[in-house]
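*Asks:* Sequential numbering of the sequence shown, starting at 192, is according to the numbering used here. Even glycine gets a Cβ: it sits at the ideal position worked out from N, Cα and C. These numbers come from a predicted model, not from an experiment.
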Amino acid sequence: MAKETFERTKPHVNVGTIGHVDHGKTTLTAAMTAVQAAKGLAKFKSYDEVAKASESQGRRDATKILTIATSHVEYETEKRHYAHIDCPGHADYVKNMITGAAQMDGAILVVSAADGPMPQTREHILLARQVNVPYLVVFLNKVDLVDDPELLDLVEMEVRELLSKYDFPGDDVPVIRGSALPALQNPSDPEATKCIQELMDALDNSIPEPERDVDQPFLMSVEDVFSIKGRGTVATGRIERGRVKVGDEVEIVGLFVGGLGRAVDDRRVVPVELVLVQQLADLQLDEIEQLRIV
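1) Would you report the Cα separation of PRO325 and ASP358, rounded to the nearest angstrom?
2) Could you say which of HIS211, LEU331, LYS356, LEU354 lies nearest to ASP344 if we only look at CA atoms?
3) Quick check on LEU232: does DSSP put it in helix, strand or coil?
4) Give me the DSSP bridge partner(s) of LYS201.
5) Spatial neighbours of GLY215 within its chain, please: C-beta separation below 7 Å, excluding the five flanking residues on both sides.
6) With a threshold of 7 Å on Cβ separation, who are the neighbours of LEU465 within its own chain once the five nearest residues in sequence on each side are excluded?
7) Skipping 5 residues on each side, what residues in its chain have a beta carbon closer than 7 Å to that of THR208?
8) Pop quiz: VAL226 and PRO378 are said to be a contact at Cβ under 8 Å. What is the actual Cβ separation, rounded to whole angstroms?
9) Report all residues from its chain with a CB closer than 6 Å to the CB of GLU389; omit the five preceding and five following residues, and keep chain order.
10) Can you give the Cα-Cα distance for VAL212 and MET309, rounded to whole angstroms?
11) Let me know the beta strand (DSSP E) ranges lying completely inside the segment 296 to 382, each 3 residues or longer, listed in chain order.
12) Among residues of its own chain, excluding the 5 on either side of GLU267, which ones have a beta-carbon nearer than 8 Å to its beta-carbon?
13) Can you tell me whether LEU354 is buried or exposed? The criterion is at least 16 other CB atoms within 10 Å of its CB, across all chains shown.
14) How should VAL444 be labelled, buried or exposed, when 16 other C-beta atoms within 10 angstroms of its C-beta is the threshold for buried?
15) Grab the span of the beta strand (DSSP E) containing ASP277 for me, first residue to last.
16) Assign ASP392 to one of three DSSP states: helix, strand, or coil.
17) According to DSSP, is ILE209 helix, strand or coil?
18) In chain order, what residues of the same chain lie with their CB nearer than 7 Å to the CB of SER397, ignoring the 5 residues before and after it?
19) Per DSSP, which residues does THR217 bridge with? Please list them.
20) Quick one: what's got a C-beta closer than 6 Å to MET391's C-beta in the same chain, skipping five residues either side?
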């Protein structure tokens with residue numbers, strides 16, 4: 192039986208979560224998939240799946256894992272399809288954060304209401320500016336741990352001032368207050384998931400639909416290359432212009448003499464018919480060795 196083909200009918204936007212370690216980026220990412228999955232608009236990804244969890248990657252307890260690599264999930268709203276990159280917050284893995292942020296059309300800055308802005312909050316805002324992330328939405332997380340409403344106001348004011356310091360429109364950036372963990376644990380509870388719906392609305396309304404240069408020759412910046420047993424060589428990255436579909440020949444350009452590979456799949460279990468500009472892709476390449484892509 193032929194494979195089912197994924198057909199995308201909604202505008203595509205790349206977003207992601209940035210912010211200080213332990214402020215709840217991965218929990219929020221998992222909660223977003225849980226809430227949208229309850230509506231039939233996503234495939235649920237657990238906290239462990241998003242964090243790519245293992246004992247060696249810094250598991251501290253059932254709800255705290257040190258995210259090291261960027262992780263990708265997908266979900267939809269009524270208006271759009273989103274590819275979401277969950278970035279590590281720890282200072283030791285800032286390179287991975289930069290790799291993820293450079294692919295975003297907009298970012299969700301996650302700040303713990305209990306802690307306020309912390310060192311990696313500031314660093315991630317600066318890096319988002321330096322890699323030209325054009326739009327930010329703030330999710331003020333863990334508000335259930337703060338009893339004083341005035342303290343929430345002070346934390347929000349501090350975040351807005353920090354955004355303005357790095358040339359983002361601090362007065363105008365949407366700030367959503369909520370708690371990701373209850374939403375993850377109760378994805379069908381309207382009260383627990385209200386903040387997630389507000390965040391989804393903010394993404395739809397605050398990040399303009401990017402212009403896509405789909406008519407130019409295909410060009411993809413290679414982020415990483417893997418050799419996967421049973422599949423062959425897989426190159427991951429962001430399509431800068433043009434489009435590619437299953438069966439297309441692509442020219443490999445790098446430090447070594449280039450070659451030709453054939454795009455035979457993307458990262459989905461259900462293959463897409465067409466991958467367009469500015470989308471994130473994993474291209475499986477026929478008859479090309481890993482070392483020829485540098």
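*Replies:* Reading it off the structure:
1) Translated into positions along the sequence shown, residue 325 becomes position 134. Translated into positions along the sequence shown, residue 358 becomes position 167. One C-alpha to the other measures close to 11 Å.
2) Taking the sequence shown and counting its residues from 1, one reaches residue 344 at position 153. When each option's Cα is compared against that of ASP344, the closest is LEU331.
3) On the sequence shown, position 41 is the one that residue 232 refers to. It is coil, neither helix nor strand.
4) Against the sequence shown, residue 201 aligns to sequence position 10. Looking at the DSSP assignment, LYS201 forms no beta bridge with any residue, so it has no partner.
5) Locating residue 215 in the sequence shown gives position 24, where the first residue counts as 1. For GLY215, where only same-chain residues beyond five positions count, the Cβ hits under 7 Å are VAL301, SER303, ASN332, LYS333, ALA371.
6) Counting from one through the sequence shown, the residue named residue 465 turns up at place 274. Note that LEU465 scores a pLDDT of 43, beneath 50, so its modelled location is shaky; the value from the coordinates is reported in the next line. Taken in chain order, the residues that qualify are ARG434, LYS436.
7) In the sequence shown, residue 208 corresponds to position 17, counting from 1. Taken in chain order, the residues that qualify are LYS216, LEU219, THR220, ASP277, CYS278, ILE299, VAL301.
8) On the sequence shown, position 35 is the one that residue 226 refers to. On the sequence shown, position 187 is the one that residue 378 refers to. Between the beta-carbon of VAL226 and that of PRO378 there is about 5 Å, and that keeps the pair under the 8 Å contact cut.
9) Position 198 of the sequence shown, counted from the first residue, corresponds to residue 389. Here the set comprises ILE367.
10) Indexing the sequence shown from 1 puts residue 212 at position 21. Indexing the sequence shown from 1 puts residue 309 at position 118. Straight-line Cα distance between these residues: approximately 9 Å.
11) 298 to 303, 327 to 332, 366 to 368
12) For the purposes of this step, residue 267 is taken as residue 76 along the sequence shown, with counting starting at 1. Once the five neighbours on either side are set aside, the close Cβ partners of GLU267 are LYS201, GLN227, LEU232, ALA233, TYR273.
13) To locate residue 354, count along the sequence shown from 1; it is residue 163. LEU354 counts as buried, since at least 16 other C-beta atoms from the protein chains shown sit within 10 angstroms of its C-beta.
14) Translated into positions along the sequence shown, residue 444 becomes position 253. With fewer than 16 Cβ atoms within 10 Å of its Cβ, VAL444 is classed as exposed.
15) Taking the sequence shown and counting its residues from 1, the one referred to as residue 277 is at position 86. Looking at the DSSP string, the run of the beta strand (DSSP E) that includes ASP277 is 272 to 277.
16) Translated into positions along the sequence shown, residue 392 becomes position 201. Note: ASP392 maps to helix in three-state DSSP.
17) As a working mapping, residue 209 is identified with position 18 in the sequence shown. In the structure shown, ILE209 sits in a strand (DSSP, three-state: E or B).
18) Along the sequence shown, read from residue 1 onward, the residue named residue 397 stands at position 206. For SER397, where only same-chain residues beyond five positions count, the Cβ hits under 7 Å are TYR326, VAL328, PRO365.
19) Taking the first residue of the sequence shown as 1, we reach residue 217 at position 26. In DSSP, THR217 forms no bridge with anything.
20) Looking up residue 391 in the sequence shown gives position 200. Same-chain partners within the cutoff: THR268.
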